[in-house]
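Trainee:
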Amino acid sequence: MDRVRPQLEGSGGSRTLILVVDEDDDIGRKTGWKTPILGRDKNFLAAKDLLLSDPEEADANAMFAAVKLYDELSKSLDGPCELATVAGKPGGGLDSDRKLAQEIDEVLSEFPADQCIVITDGPLTDSVNAIITSRVKVLSVRKLVVKQSPSIETTWILLGKYLRTALFEFEYSRVILGIPGALAIIIGLLLQYNLLSPPILLVLFGAVLAVRGFGIDTAVVSFFRRVWTIPYRPALTQLRIYVGFSSALLMVAAIFAGINGITAFVSANFPNAPPFPEDPAFWIQRAGPLAGAFLLSSVD
Numbered sequence: 478m479d480r481v482r483p484q485l486e487g488s489g490g491s492r493t494l495i496l497v498v499d500e501d502d503d504i505g506r507k508t509g510w511k512t513p514i515l516g517r518d519k520n521f522l523a524a525k526d527l528l529l530s531d532p533e534e535a536d537a538n539a540m541f542a543a544v545k546l547y548d549e550l551s552k553s554l555d556g557p558c559e560l561a562t563v564a565g566k567p568g569g570g571l572d573s574d575r576k577l578a579q580e581i582d583e584v585l586s587e588f589p590a591d592q593c594i595v596i597t598d599g600p601l602t603d604s605v606n607a608i609i610t611s612r613v614k615v616l617s618v619r620k621l622v623v624k625q626s627p628s629i630e631t632t633w634i635l636l637g638k639y640l641r642t643a644l645f646e647f648e649y650s651r652v653i654l655g656i657p658g659a660l661a662i663i664i665g666l667l668l669q670y671n672l673l674s675p676p677i678l679l680v681l682f683g684a685v686l687a688v689r690g691f692g693i694d695t696a697v698v699s700f701f702r703r704v705w706t707i708p709y710r711p712a713l714t715q716l717r718i719y720v721g722f723s724s725a726l727l728m729v730a731a732i733f734a735g736i737n738g739i740t741a742f743v744s745a746n747f748p749n750a751p752p753f754p755e756d757p758a759f760w761i762q763r764a765g766p767l768a769g770a771f772l773l774s775s776v777d
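If you read the sequence shown in our numbering, its first letter stands for residue 478, the second for the next number, and so on.
#1: How about the segment 510-517 and the segment 559-569: do they share at least three Cβ pairs that are nearer than 8 Å?
#2: Could you spell out where the alpha helix (DSSP H) holding Ile739 opens and where it closes?
#3: What first and last residue would you give for the beta strand (DSSP E) that runs through Asp470?
#4: Please classify Arg710 as buried or exposed, where buried requires at least 16 other C-beta atoms within 10 Å of its C-beta.
#5: Enumerate in chain order the residues of its own chain whose CB-to-CB distance from Val544 is below 8 Å, with the five nearest sequence positions on each side excluded.
#6: DSSP state of Thr512, grouped into three classes?
#7: Return the first residue and the last residue of the beta strand (DSSP E) that Ile594 is part of.
#8: For the alpha helix (DSSP H) that contains Ser699, what are its first and last residues?
#9: Leaving out the 5 sequence neighbours to the left and right, which residues in its chain are closer than 6 Å to Ile739 when beta-carbon positions are compared?
#10: Using the C-alpha atoms, what's the distance from Arg619 back to Asn538?
#11: Quick one: give me the first and last residue of the beta strand (DSSP E) that Glu559 is part of.
#12: Just reading off the alpha helix (DSSP H) that Ser551 is part of, what are its end residues?
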């Protein structure tokens, strides 16, 4: 990082940043390198470690391509040039975007670039594109495509690689294997007890699509992770959480008690009361006593 500052002081040209984006943090998970990685030499060493850890890793090729581009631009550009690698988190999402944003800000604080060239091993998500473009002008985006042999043997090797990923990488196996497996179990149980019907089948598939589409499963996992960390938080924070949770339980219990109180009050005083849709005026005129019954029962 220290060699960047002399370049900045002695140059009047545009400052160009070559930015490698690893959205799922393969570099950190497979080598232990902490991002952001700033500087040509550090990126070269990190790419070498990543390639030794996983020779098929596309992010390593992207980093080597960035090193090559850095060497070329350092000779041809008038202004200073720097190379950096930033990474998100496995699985993507808000936490991954936040980590990428923080690392890009850290890189720009060390090397305040006027423009950047983004290098990645595949298409970036819209959120990552927005994070980068909101901070620095993007001069070019280069998606590195690793050359593959067109032979049948290579095709089968690639298929085997993707199959292993689907079977043993939890991030993919939970969707490719987990969801169909859970559906198969539920459908089998419904068939065993003769409860399966087209509406129930549609509800099952709709529930699975809704849970995954709205990220409900991720929200539930995140909630339980936060609950798991409660004993390790400061005492005052724990007290606030327990008081809030207890208050919510009391409110729910009070609402149920109030509803039961209204039901008992109506049964005792208006046994022949018409349904609300048939005679709304009847119920509106007795809103006061009903509200009183609700409050008394909920307080008791």
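C-beta: ideal position from N, C-alpha, C; glycine also.
Mentor: According to the structure data:
#1: Cβ pair count under 8 Å is three or more, so yes.
#2: Taking the sequence shown and counting its residues from 1, the one referred to as residue 739 is at position 262. Element bounds for Ile739: 712-746.
#3: No statement about residue 470 is possible, as the shown extent of the chain runs from 478 to 777 and does not include it.
#4: Here residue 710 refers to the residue found at position 233 of the sequence shown. Answer is exposed; the Cβ neighbour count stays below 16.
#5: Position 67 of the sequence shown, counting from 1, holds the residue named residue 544. Counting only Cβ-Cβ distances below 8 Å, and skipping sequence neighbours, we find Arg517, Asn520, Phe521, Ala524, Leu560.
#6: Position 35 of the sequence shown, counting from 1, holds the residue named residue 512. It is coil, neither helix nor strand.
#7: Numbered from its first residue, the sequence shown carries residue 594 at position 117. Counting along the chain, the unbroken beta strand (DSSP E) around Ile594 starts and ends at 592-597.
#8: The count along the sequence shown starts at 1 and reaches residue 699 at position 222. That run of the alpha helix (DSSP H) goes 693-705.
#9: The residue labelled residue 739 in the question sits at position 262 within the sequence shown. Closer than 6 Å at Cβ, skipping near neighbours: Leu767, Ala770, Phe771.
#10: What you label residue 538 is simply residue 61 of the sequence shown in a count that begins at 1. What you label residue 619 is simply residue 142 of the sequence shown in a count that begins at 1. So the alpha carbons of these two residues sit roughly 12 Å apart.
#11: Indexing the sequence shown from 1 puts residue 559 at position 82. 558-564 is the span of the beta strand (DSSP E), which, as asked, contains Glu559.
#12: Counting from one through the sequence shown, the residue named residue 551 turns up at place 74. 535-553 is the extent of the alpha helix (DSSP H) around Ser551.
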